[in-house]
Amino acid sequence: MNFIKYIALHVKKYLIAFLHLVYPSICLHCGSTDIIKFQVLCPNCYTQLPFTDFFEIEDNNVDKIFWGRLALGPSGAGLFFTKNSIVQLLLFELKYKQNKRAGFLLGNMIGWALKKANRFNEIDYLIPIPVRKNTERTRGYNQSLIICEGIAQAFPIPILQAVLYKNKKTNTQTRKDRIERGHHSNPVFGIKNTLQIWNKHLLLVDDIITTGATAEAAGSCLLQANPASLHFAAAAYTLS
Ligand SMILES: [Zn+2]
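This is the structure in structure tokens:
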């Protein structure tokens, strides 16, 4: 890319970010004003999103990640994640720009996809993967909870936050080698009020899935409470 083009792209990016501050009703990606109030993408950018259709596909790429690791029912992710894409922009806005509307949109897409797939009608609870209290304080919210709220708007299922929690980082944990601190010896997640999920159908929700390590740790915790089934949904799927 030549230098002028590079500068032009950056100027455009900052201009859109600035305009978005002043006039919130413009598309996050292209800056178009052809947008419904409180939405973050224009119809044109929305149709460019790389939908996976995983929720309708048996043994999809997300299901396969957990084979031999975690006993999950049908699972999936809404969009394919690639670098420098609209999907990356939405996730970045949600995680680092306090843009809840981006998370709401991602959740909404999952919700509509779940409804369309017709394989998730028995789900009793949405469970957002928790973040540590410190992270929640800095960010102002748990991004997975915002995604759950977006799902529930399209596919009305109660959100349950009272069961799964994330443990504080301990000194030993930070010192120990990553491989050593598997969730067996020093658990990352914990559960309480386990009777609430006994014999219930659960959908665990996260923003992105890559290796599946986080979902595996959280999911194996939930399975200890003997739910009727456990499913997993992420907003985006990326190859590890
Ligand atoms: Zn646009």
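In short: position in the sequence shown from 1, add 27, done, that's this note's numbering. Beta carbons: idealized from backbone N, C-alpha and C, even for Gly. Keep in mind the model is a prediction, meaning the values are calculated, not measured.
Just tell me which of the options has its CA closest to the CA of residue i.
i	options	result
Ile63	Arg128, Leu118, Lys39, Leu250	Arg128
Phe78	Phe216, Ala104, Asn220	Ala104
Leu133	Arg146, Cys175, Pro157	Cys175
Leu99	Leu257, Ala263, Leu266, Ala262	Leu257
Phe216	Leu191, Gly239, Asp234	Leu191
His56	Pro185, Ile31, Leu118	Leu118
Ala140	His228, Ser102, Asp151, Leu116	Ser102
Ala263	Val38, Lys160, Ile113, Asp61	Ile113
Asn253	Leu266, Phe93, Trp225	Trp225
Ala240	Tyr123, Tyr168, Trp94, Ile84	Trp94
Ile92	Phe82, Ile236, Ala245, Lys110	Ile236
Ala245	His37, Pro157, Pro70	Pro157
If residue i sits next to residue j, beta carbons under 8 Å apart, how far is it from one beta carbon to the other, in whole angstroms?
i	j	result
Val232	Ile173	Their Cβ separation, rounded to whole angstroms, is 10 Å, which puts Val232 and Ile173 out of contact at 8 Å.
Pro155	Gln188	7 Å
Can you tell me whether residue i is buried or exposed, with buried defined as 16 or more other CB within 10 angstroms of its CB?
i	result
Asp80	exposed
Leu41	Looking at the sequence provided, one finds Tyr at residue 41 rather than Leu. Flag for Tyr41 reads exposed.
Phe65	exposed
Asp86	exposed
His211	The pLDDT assigned to His211 is 48, lower than 50, so where the model puts this residue is not dependable; a value taken from the coordinates is nonetheless given after this. That one is exposed.
Gln125	exposed
Gly130	buried
Quiz: which residues have CB nearer than 6 Å to ligand 1 non-hydrogen atoms: Listed along the chain, these residues meet the criterion: Cys54, His56, Cys57, Ser59, Leu68, Cys69, Asn71, Cys72.
Write down every uninterrupted run of the alpha helix (DSSP H) in the region 179-265 whose length is 4 residues or greater and which is fully enclosed by it, in chain order. Complete alpha helix (DSSP H) runs here, min 4: 198-202, 240-250.
What residue ranges within the region 32-110 form continuous beta strand (DSSP E) runs of no fewer than 3 residues, ordered along the chain? If one requires a minimum length of 3 residues, the beta strand (DSSP E) runs lying completely within the region 32-110 are 103-107, in chain order.
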